[in-house]
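The block underneath contains the structure these notes are about, expressed in structure tokens.
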Amino acid sequence: MRLMLLGLVALLLLATPSEAVVDSQNKQQDDSEDVIITVDSTNLRFSPDSVTVMEGDTVRFFWSGQLLPHNAVEVNGVFDSGDPERDVDYSFTFEIGMNGTYDFECEPHADFGMVGQIIVEAVPMNQTNGTNSTGDENLTEMESESLTFVSVIATLWVLAIAAYSRPVGGPHRGPRSGF
Ligand SMILES: [Cu+2]
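In structure tokens, the structure reads:
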């Protein structure tokens, strides 16, 4: 029983640094380069043709010296790189609130399957603080989550200490004789 409780506490303590790792990964994503979509060697495919980004990220359509002229046009007109060109350098930024799925195509070659998809994920709650009115709600949710976490840890510590203080060798021995 005591070992099991200690194991639980140890697991929870070990789980804490992994949250920090996730945080730093999110930070890395923020600092990362733009996602670049180009044209592959078949001349009739985007590469990559499917990407997942976060709100706030920029997707850059970039190719040069192509055999054929291409463009990238979102099917609902959300973005449009313009006329098909052999050299294109067009960037589009997905702002906060633009999470969703965006299909785009190269107009001259859509019938050949030169199409692509961009999935834009909503930013994690802790990154929207202060940017709009929903930031406060998100902050409150984060606070209550961490409060729950803290109280779980506290409860387990109390249980662990109780298990340690319980007399193990008989009634004549003191509460800490287990050590
Ligand atoms: Cu094309």
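Each step along the sequence shown adds one to the number in our numbering, with nothing skipped, and position 25 is 182. Glycine included, every Cβ here is placed at the ideal spot set by N, Cα and C. These numbers come from a predicted model, not from an experiment.
Indicate, with yes or no, if ligand 1 has a heavy atom lying under 7 Å from the CB of M271.
What you label residue 271 is simply residue 114 of the sequence shown in a count that begins at 1. Correct: M271 has its Cβ closer than 7 Å to ligand 1.
When you compare the CB positions of V277 and N256, do they come within less than 8 Å of one another, or not?
As a first step, residue 277 is located in the sequence shown; it is residue number 120 there, counting from the start. As a first step, residue 256 is located in the sequence shown; it is residue number 99 there, counting from the start. Against a cut-off of 8 Å, the Cβ pair of N256 and V277 comes out as a contact.
Roughly how many whole angstroms lie between the Cα atoms of G254 and I194?
In the sequence shown, residue 254 corresponds to position 97, counting from 1. In the sequence shown, residue 194 corresponds to position 37, counting from 1. Put simply, the backbone Cα of G254 is about 22 Å away from that of I194.
If you compare alpha carbons, which of N200, P281, I275 is closest to V210?
Position 53 of the sequence shown, counted from the first residue, corresponds to residue 210. For the residues N200, P281, I275, the minimum Cα distance to V210 belongs to I275.
Can you tell me whether DSSP reads M211 as helix, strand or coil?
The residue you call residue 211 lines up with position 54 of the sequence shown. Three-state result, M211: strand.
Using the three-state DSSP reduction, which class does F269 fall into: helix, strand or coil?
Along the sequence shown, one-based indexing puts residue 269 at 112. Three-state DSSP puts F269 in a helix.
Based on the DSSP secondary-structure assignment, which residues constitute the bridge partners of T250?
To locate residue 250, count along the sequence shown from 1; it is residue 93. For T250, which the question treats as bridged, DSSP gives the partners T215.
For the candidate residues Q223, D206, S248, L224, whose alpha-carbon lies nearest to that of V235?
What you label residue 235 is simply residue 78 of the sequence shown in a count that begins at 1. Of the candidates Q223, D206, S248, L224, the one whose C-alpha sits nearest the C-alpha of V235 is S248.
Mark E252 as exposed unless 16 or more other C-beta atoms lie within 10 angstroms of its C-beta, in which case mark it buried.
As a working mapping, residue 252 is identified with position 95 in the sequence shown. E252 should be labelled exposed.
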